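Have a look at the structure below before the remarks.
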Ligand SMILES: [Zn+2]
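In our numbering, the protein residues as written are 3 to 289.
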């Protein structure tokens, strides 16, 4: 599963300026980078629309999305109104059911993490019935726009002001947990012990895995967004490729060249064994 993270504003468009002169474009990027870290820990592929303070207009983002072809777009913002309004809300596309459920999960998770009012999942339309927000209106896949909290409300921002790094980390955890719950991916907090990691690698080396990294295989079967996902995202027929990763003990332990998704042992048929006897152990997912 691939997620595109649209980092709100940037460069000459800094969004709004909140309390203590904090700029929306800056904290959007900080939060998006933290979300990226969490996705990586969970073995979910992602792309940030920008990684520094540069112009990144909507048309450019839509072109990036077209090229990247993600399953989901997250558009990250901070809200502002009058210094008094507060809380967390998330917008979804009017016609896309999964977005409504996911927006509700993300809004509720972030609100409880920041201990702020949950304003919930919302849809905002133009008079002609199309989605009001351009990113949601023109995005070719499900998209959720998160208004993390109100940048001009001192109470909303106190967490980010008092303990900045920790708050970004916790907020990103809440968002990624909500996504994992929606897409039936087992959430990993990234704290697997070194003994567990050692066990995973040594099991691969003793050859309990039916297929080894480097083996040429034929795939016929379902593809999963992560090694422990409950629901398949798609399937592949007669895919001729090479095993690149093995995750011991996972429900769908194999991944192959091109990262199509994770697969069951039953979905693979050996074409030719790797020349090096499978000694090349690649990274294990979800460490
Ligand atoms: Zn914004």
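Glycine included, C-beta positions come from ideal geometry on N, C-alpha and C.
Source: prediction; values computed, not measured.
### Task
Could you work out which residue in 7, 159, 19 and 148 is closest to residue 53 when comparing CA atoms only?
7
### Query
Considering only residues of the same chain and omitting the five flanking positions on each side of residue 208, which have a CB-CB separation below 8 Å?
Only weak support is given to the placement of residue 208: the predicted model assigns it a pLDDT of 41, under 50, and the value that follows is read from those uncertain coordinates. Result list for residue 208: empty, nothing under 8 Å.
#### Entry: Sufficient close CB pairs (3 or more, under 8 Å) joining the region 160-179 to the region 227-247
no
### Message
Tell me the residue span of the beta strand (DSSP E) that contains residue 116.
### Response
Unbroken run through residue 116 is the alpha helix (DSSP H), 99-116; no beta strand (DSSP E).
### Task
Would you list the residues whose beta-carbon is nearer than 6 Å to any heavy atom of ligand 1, in the order they occur in the chain?
10, 11, 17, 26 and 79
### Query
What span of residues does the beta strand (DSSP E) with residue 49 cover, start to end?
47-50
### Task
Taking all protein chains shown into account, decide if residue 227 is buried (16 or more other Cβ within 10 angstroms of its Cβ) or exposed.
buried
### Task
Compute the Euclidean distance between the alpha carbons of residue 46 and residue 266, then round it to the nearest angstrom.
18 Å
### Query
Excluding five sequence neighbours on each side, which residues of the same chain lie with their C-beta closer than 6 Å to the C-beta of residue 144?
74, 98, 100 and 101
### Task
Go through its chain and collect everything with a Cβ distance to residue 225's Cβ below 8 Å, but skip five positions before and after it.
234, 235, 236, 237, 238, 262, 263, 264 and 265
### Query
In this structure, does DSSP put residue 81 in helix, strand or coil?
strand
### Query
Is DSSP giving residue 119 helix, strand or coil here?
coil
### Message
Is it buried or exposed, residue 77, if we count other Cβ atoms within 10 angstroms and call 16 or more buried?
### Response
buried
### Message
Give me the DSSP bridge partner(s) of residue 91.
### Response
122 and 149
### Where the beta strand (DSSP E) through residue 224 begins and ends
218-225
### Message
Quick test of your reading: residue 111 and residue 176, contact by CB under 8 Å. State the CB separation rounded to the nearest angstrom.
### Response
4 Å
### Query
When you compare only the Cα positions, how much space is there between residue 136 and residue 186?
29 Å
### residue 246 versus 218, 180, 240 and 183, residue with shortest Cα-Cα distance
218
### Message
With three or more C-beta pairs closer than 8 Å as the rule, is the region 121-131 touching the region 56-70?
### Response
no
### Query
Shortest alpha-carbon distance to residue 109 belongs to which of 39, 95 and 180?
180
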